[in-house]
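K.L.:
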Amino acid sequence: AQKITQTQPGMFVQEKEAVTLDCTYDTSDPSYGLFWYKQPSSGEMIFLIYQGSYDQQNATEGRYSLNFQKARKSANLVISASQLGDSAMYFCAMNDRGSTLGRLYFGRGTQLTVWP
Amino acid sequence: GAGVSQSPRYKVAKRGQDVALRCDPISGHVSLFWYQQALGQGPEFLTYFQNEAQLDKSGLPSDRFFAERPEGSVSTLKIQRTQQEDSAVYLCASSSRQGFSGANVLTFGAGSRLTVL
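Laid out in structure tokens, this is it:
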């Protein structure tokens, strides 16, 4: 069963605007973690932000924030004040106690393009 | 080292050849994962090492795939008798933590892109 769903194959945003990348997840485990990674064309996966299932507040890291809606099982990434360098693939990922030894399950990704 | 290093970055193999992909994790990282990323897809889990022990190899697609980490640091992913469907980017990731511990952030290498002709 698909654990992570990213329904937006591609998104476009103008520089300095905010953008939301959608992610829904599926788990019956009450203890889990949600992650967002960025993958530029160079190929390396870069960790952006983490949200634990028991965290009361939405995670924030600089221009990145995670809109965590537990009841809806969604973990959308919000990027504020987009920059040209934000153009990349973005992956949502999850682990839970049932995940073998901390392995991450990834979605199919969203290609973000920032235009001037 | 400062990050996870993978080599070669690019490998072209003829169908039927054997290939070996190397991963040099961050020094002292206990956990090491291999992922396979097909074109246009998210990474898919292949195998996991905790130090030198391969604790999970459930994601390896066939017995042509073999991974090792003999001294608990550098790891090698070997693919025997390569097929066209093996063409993908192979990502290595390491972590200082073990198992599910919440914010177990994986640090990834840049990957090895394998093309099988």
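Chains A and B, in that order, are what the protein sequence lines are. Per our numbering, the very first residue in the first sequence carries number 34; after that it's consecutive. Per our numbering, the very first residue in the second sequence carries number 13; after that it's consecutive. Cβ atoms here follow ideal geometry from the backbone N, Cα and C, with glycine treated the same way. From a predicted model like this one, the values you see are computed outputs, not experimental measurements.
#1: Exposed or buried, which one is W148 of chain A when buried takes at least 16 other CB atoms within 10 Å?
#2: So which residues on chain B does L137 of chain A lean against when the C-beta distance must stay under 7 angstroms?
#3: Just reading off the beta strand (DSSP E) that Y87 of chain A is part of, what are its end residues?
#4: Just to confirm my understanding: we take S113 of chain A, look at its own chain, exclude 5 residues before and 5 after, and list those with CB closer than 7 angstroms. What are they?
#5: Examine chain B for any beta-carbon lying closer than 8 angstroms to the beta-carbon of S98 of chain A, and answer yes or no.
#6: If distances are taken between C-alpha atoms only, which option among B:K23, B:A105, B:G71 comes closest to A32 of chain B?
#7: Given that a residue counts as buried once 16 or more other Cβ atoms are within 10 Å of its Cβ, and exposed if not, what is R105 of chain A?
#8: Starting from the C-beta of T60 of chain A, find all residues in its chain whose C-beta is less than 6 angstroms away, skip the five residues before and the five after it, and write them out in chain order.
#9: Take the Cβ of K26 of chain B as the centre, count every other Cβ of all protein chains shown within 10 Å, and call the residue buried at 16 or more, exposed below.
P.N.:
Walking through what the data contain:
#1: exposed
#2: L118
#3: It is not in any beta strand (DSSP E) - Y87 of chain A carries neither H nor E in the DSSP assignment.
#4: A51, R96
#5: no
#6: B:K23
#7: exposed
#8: D129
#9: exposed
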